[in-house]
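From first to last, the protein sequence lines stand for chains A and B.
For any residue, its number in the working numbering is found by taking its place in the first sequence, counting from 1, and adding 28.
For any residue, its number in the working numbering is found by taking its place in the second sequence, counting from 1, and adding 886.
Here a beta-carbon is modelled for each residue, glycine too, at the ideal position from N, C-alpha and C.
As structure tokens, the structure follows; a few thoughts come after it.
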Amino acid sequence: MSVIVPKSLSDALAALADNPDALVLAGGTDAMVEVNSGHRKPSHVIAINRVSELRSWTFDPVAATVHIGSGVTYAELMESPVAQLLPALAEASRTVGSPQIRHTGTLGGNLGTCSPAGDGLPVVSALDGMVHLASVAGDRSLSVHEFMVGVKRTARQPGELITGVTLPVLSGWQGYSKVGVRNAMVIALASTCLATDLDSRNVRLALGSVGPTILRCVEAEAFAAAVVSFESQSVSASDARRFGELAAAASRPINDHRATAEYRRHAIGVLASRLLRRAFPNE
Amino acid sequence: MSESVALNEQYELHVNGEARPVRDSWLGESLLYVLRERLGLLGSKGACEQGECGSCSVLVDGELVCSCLVLAASAVDQSIVTIEGIAPIGAPSDVQQAFVDAGAVQCGFCTPGLIMATHALLERTADPTEFEIREELSGNVCRCTGYGRIIEAVQRVAVSRRDSGLA
């Protein structure tokens, strides 16, 4: 077994070119669970948590976007000022695991694992984020919707490293909500991210833990954009309820050891409706 | 820019201010395993080995982490502080003493992790609210105390540090 701890992006990419199928270790909060339990015996590990280029985020005020390096931790995403630029991401980050997990877990790792329950992913989906990949052969960027292929499957190719994600800074309210058995240390049974944009007057809704990957609710989004008032920040109680029903209908949950499909579908309806009422608090 | 580090079965960790060679290990071992089984530091406890319980909490470069989720070999060149490095044996830290005084220790298995988490919490927030204490200690599971006396112990340290001008 080999372990490489690169300190620069070029060293990381060179190491990955030598071993294209190496386990890329970010925070370790998913991968080490599998290693500890003996479910995974990697022959090559590249630990990227000290690659300096991946450890920072930048705000581009002209493009109104934030680029988040794949090594930025959840704890860092909860801090001002990035938390003000991307409030839903800060909120989602705060629901991840525990302080110990948030100090090492990263958004890049969340993308790499691509669990349908990854707390950062509904936010990246709702914001139509762009995922950046690099290898010694070159860089490419693709929409998160193309990047997430299935349950723990992504479009990342052997030899490629997730270097970061670019998210737009929207002008409206945004938030994240999830259901689990307690507040801390919980894998979402159902999660939702709602983001609104006052400029383009749209409402985006993404669902986690209720499909093979994160789902967007096109029908519910179109319905919300038609019925809410962006001027008075209002939505009627019945329209908010209908929005929840459309979201629940868009979910594709399964029964597993954590919850039933029926429970998850119901939870999605409640969470979606609640987030819409928070975004448009007046009746 | 420093060079990449490529490791074989022999490497060195910096634990509690000392360089500690790690020999004859499998490179996939967690930091918790190496601390306990290779370096004989038995203070950090192993229970869940999946980051759920916090009993293996240590500081890596000043950040509170679960040592079971850290690949030991990836922590070369980083400063690791375990419960053994918090205070000399026989001279407990103020946090350790407060846990004793408040009756926050019963079986004691979770205690090293909670002491580490409390030190990290008070380093960041000198005078935490009860809500902040609950959130910051939410990664440490205790099955004995019901947490009331643990929260009281944290508050005692905050008050005494403030009164003595340390905070």
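Starting from the C-beta of M887 of chain B, find all residues in its chain whose C-beta is less than 8 Å away, skip the five residues before and the five after it, and write them out in chain order. To locate residue 887 of chain B, count along the second sequence from 1; it is residue 1. Since pLDDT at M887 of chain B reaches only 42, below the 50 mark, its modelled position is unreliable, and the value read off the structure follows with that caveat. Closer than 8 Å at the Cβ level, and outside the excluded window around M887 of chain B, lies no residue.
Could you check the C-alpha separation between P89 of chain A and L195 of chain A for me, to the nearest Å? Taking the first sequence and counting its residues from 1, one reaches residue 89 of chain A at position 61. Taking the first sequence and counting its residues from 1, one reaches residue 195 of chain A at position 167. C-alpha separation (whole angstroms): 12 Å.
Are any of the Cβ atoms in chain B nearer than 7 Å to that of L95 of chain A? Here the question's residue 95 of chain A lines up with position 67 in the first sequence. The amino acid occupying residue 95 of chain A in the given sequence is His; Leu does not appear at that position. Not an interface residue.
According to DSSP, simplified to helix, strand and coil, what is C954 of chain B? Numbered from its first residue, the second sequence carries residue 954 of chain B at position 68. Reduced to three states, the DSSP call for C954 of chain B is helix.
Below 7 Å CB to CB, which residues in the same chain sit around V956 of chain B once its five sequence neighbours on both sides are set aside? As a position in the second sequence, residue 956 of chain B is number 70, starting the count at 1. S916, L917, V946.
Sufficient close CB pairs (3 or more, under 8 Å) joining the stretch 100 to 108 of chain A to the stretch 124 to 132 of chain A: yes
In chain A, which residues lie with their C-beta within 9 Å of the C-beta of L957 of chain B? Here the question's residue 957 of chain B lines up with position 71 in the second sequence. In chain order: V31, L53, G56, A59, M60, V63, V73, A75.
Residues in the same chain with beta-carbon distance under 8 Å from T182 of chain A, minus the five sequence neighbours each way, listed in chain order, please. The residue given as residue 182 of chain A occupies position 154 in the first sequence. If we look at T182 of chain A and ignore the five residues flanking it on each side, its Cβ neighbours are L139, G140, C142, F175, M176.
Supposed close pair V73 of chain A, A40 of chain A - CB separation, criterion 8 Å: Here residue 73 of chain A refers to the residue found at position 45 of the first sequence. Here residue 40 of chain A refers to the residue found at position 12 of the first sequence. So it is not a contact: roughly 12 Å between Cβ atoms.
For Q983 of chain B and L927 of chain B, what's the separation of their Cα atoms in angstroms? One-based indexing of the second sequence puts residue 983 of chain B at position 97. One-based indexing of the second sequence puts residue 927 of chain B at position 41. Between Q983 of chain B and L927 of chain B, the C-alpha separation is close to 21 Å.
Whole angstroms are fine: how far does the CA of K69 of chain A sit from the CA of T968 of chain B? Position 82 of the second sequence, counted from the start, is the residue given in the question as residue 968 of chain B. Position 41 of the first sequence, counted from the start, is the residue given in the question as residue 69 of chain A. One Cα belongs to T968 of chain B, the other to K69 of chain A, and the distance between them is close to 27 Å.
For chain A, check one thing: does any of its Cβ atoms lie closer than 7 Å to the Cβ of Q896 of chain B? Numbered from 1 along the second sequence, position 10 holds the residue referred to as residue 896 of chain B. No, its Cβ sits nowhere closer than 7 Å to a Cβ of chain A.
Distance, D980 of chain B Cα to G1051 of chain B Cα: Numbered from its first residue, the second sequence carries residue 1051 of chain B at position 165. Numbered from its first residue, the second sequence carries residue 980 of chain B at position 94. In a straight line, the C-alpha of G1051 of chain B is about 14 Å away from that of D980 of chain B.
Taking a cut of 8 Å between CB atoms, which residues from the stretch 125 to 148 of chain A lie near chain B? G125, S126, P127, Q128, I129, H131, T132
Chain A contact for L913 of chain B (CB, 7 Å cutoff): Counting from one through the second sequence, the residue named residue 913 of chain B turns up at place 27. Yes - at least one Cβ of chain A is within 7 Å of the one on L913 of chain B.
Mind listing which residues of the stretch 1020 to 1040 of chain B have their C-beta closer than 7 Å to chain A's C-betas, in chain order? E1022, S1024, G1025
Which stretch, first to last residue, makes up the alpha helix (DSSP H) that contains I1001 of chain B? Taking the first residue of the second sequence as 1, we reach residue 1001 of chain B at position 115. Counting along the chain, the alpha helix (DSSP H) containing I1001 of chain B begins and ends at 997 to 1010.
Please name the residues in the stretch 202 to 232 of chain A whose beta-carbon is closer than 9 Å to at least one beta-carbon of chain B, in chain order. R210, N211, A212, M213
In chain A, which residues lie with their C-beta within 7 Å of the C-beta of E904 of chain B? Position 18 of the second sequence, counted from the start, is the residue given in the question as residue 904 of chain B. Near E904 of chain B there are no residues of chain A at all, since even the closest Cβ is about 20 Å away, more than 7 Å.
Among residues of its own chain, excluding the 5 on either side of A1012 of chain B, which ones have a beta-carbon nearer than 8 Å to its beta-carbon? Here residue 1012 of chain B refers to the residue found at position 126 when the second sequence is read from its first residue. Within the same chain, A1012 of chain B has close Cβ partners A1044, R1047, R1048, A1053.
Are C942 of chain B and S960 of chain B closer than 7 Å when you measure CB to CB? Residue numbering aside, residue 942 of chain B sits at position 56 when the second sequence is read from its first letter. Residue numbering aside, residue 960 of chain B sits at position 74 when the second sequence is read from its first letter. No, the Cβ-Cβ distance between C942 of chain B and S960 of chain B is not below 7 Å.
So which residues of chain A does V1080 of chain B contact, with C-beta pairs closer than 8 Å? No answer is possible for residue 1080 of chain B: it lies beyond the span of chain B, which begins at 887 and ends at 1053.
Under a CB-based cut-off of 7 Å, is S953 of chain B close to chain A? Position 67 of the second sequence holds residue 953 of chain B. No, because no Cβ of chain A sits closer than 7 Å to the Cβ of S953 of chain B.
Between G971 of chain B and chain A, is there a C-beta pair that is closer than 7 Å? In the second sequence, residue 971 of chain B corresponds to position 85, counting from 1. False, the Cβ-Cβ gap to chain A never drops below 7 Å.
Contact set for V79 of chain A: own chain, Cβ-Cβ below 7 Å, skip 5 residues either direction: Counting from one through the first sequence, the residue named residue 79 of chain A turns up at place 51. So the qualifying residues of the chain are P34, K35, S36, L37, A40, G99.
Compile a chain-ordered list of the residues in the stretch 919 to 949 of chain B whose CB is closer than 7 Å to at least one CB of chain A. E935, Q936, G937, E938, G940, S943, E949
Can you give me the C-alpha to C-alpha distance between W85 of chain A and G133 of chain A, rounded to a whole angstrom? Position 57 of the first sequence, counting from 1, holds the residue named residue 85 of chain A. Position 105 of the first sequence, counting from 1, holds the residue named residue 133 of chain A. Taking the straight line joining both Cα atoms gives about 15 Å.
Would you please verify whether the beta carbon of S965 of chain B is less than 7 Å from any beta carbon of chain A? Your numbering for residue 965 of chain B matches position 79 in the second sequence. No - not a single Cβ of chain A is within 7 Å of the one on S965 of chain B.
Considering only the alpha carbon of each residue, which of A:A250, A:I190, A:I242, A:W201 lies closest to E81 of chain A? Counting from 1 along the first sequence, the entry for residue 81 of chain A is found at position 53. Nearest Cα to E81 of chain A within the set A:A250, A:I190, A:I242, A:W201: A:I190.
Using a Cβ cut-off of 7 Å (strictly closer), state whether S916 of chain B contacts chain A. Sequence index remark: in the second sequence, residue 916 of chain B carries index 30 (1-based). S916 of chain B counts as touching chain A.
How long is the line joining the alpha carbons of G166 of chain A and E188 of chain A, rounded to whole angstroms? On the first sequence, position 138 is the one that residue 166 of chain A refers to. On the first sequence, position 160 is the one that residue 188 of chain A refers to. Roughly 9 Å between the two C-alpha positions.
Quick check: A990 of chain B and R1035 of chain B, are their CB atoms within less than 7 Å of each other? By one-based count along the second sequence, residue 990 of chain B stands at place 104. By one-based count along the second sequence, residue 1035 of chain B stands at place 149. Yes; because the gap between Cβ atoms is below 7 Å, this pair is in contact.
Would you tell me roughly how many angstroms separate the C-alpha atoms of V9 of chain A and P109 of chain A, rounded to the nearest one? Look at the range of chain A in this structure, 29 to 311, and you will see that residue 9 of chain A is not part of it.
Cα-Cα separation, G1032 of chain B to Q992 of chain B: Locating residue 1032 of chain B in the second sequence gives position 146, counting from the first residue. Locating residue 992 of chain B in the second sequence gives position 106, counting from the first residue. Near 10 Å, if we compare the C-alpha coordinates of Q992 of chain B and G1032 of chain B.
Starting from A988 of chain B, trace the beta strand (DSSP E) in both directions and tell me its first and last residue. Along the second sequence, read from residue 1 onward, the residue named residue 988 of chain B stands at position 102. Where A988 of chain B is concerned, there is no enclosing beta strand (DSSP E), although the alpha helix (DSSP H) it sits in stretches over 980 to 988.
Could you confirm whether any beta carbon from chain D is found closer than 7 Å to the beta carbon of G157 of chain A? No chain D is present in this structure, whose protein chains are A and B.
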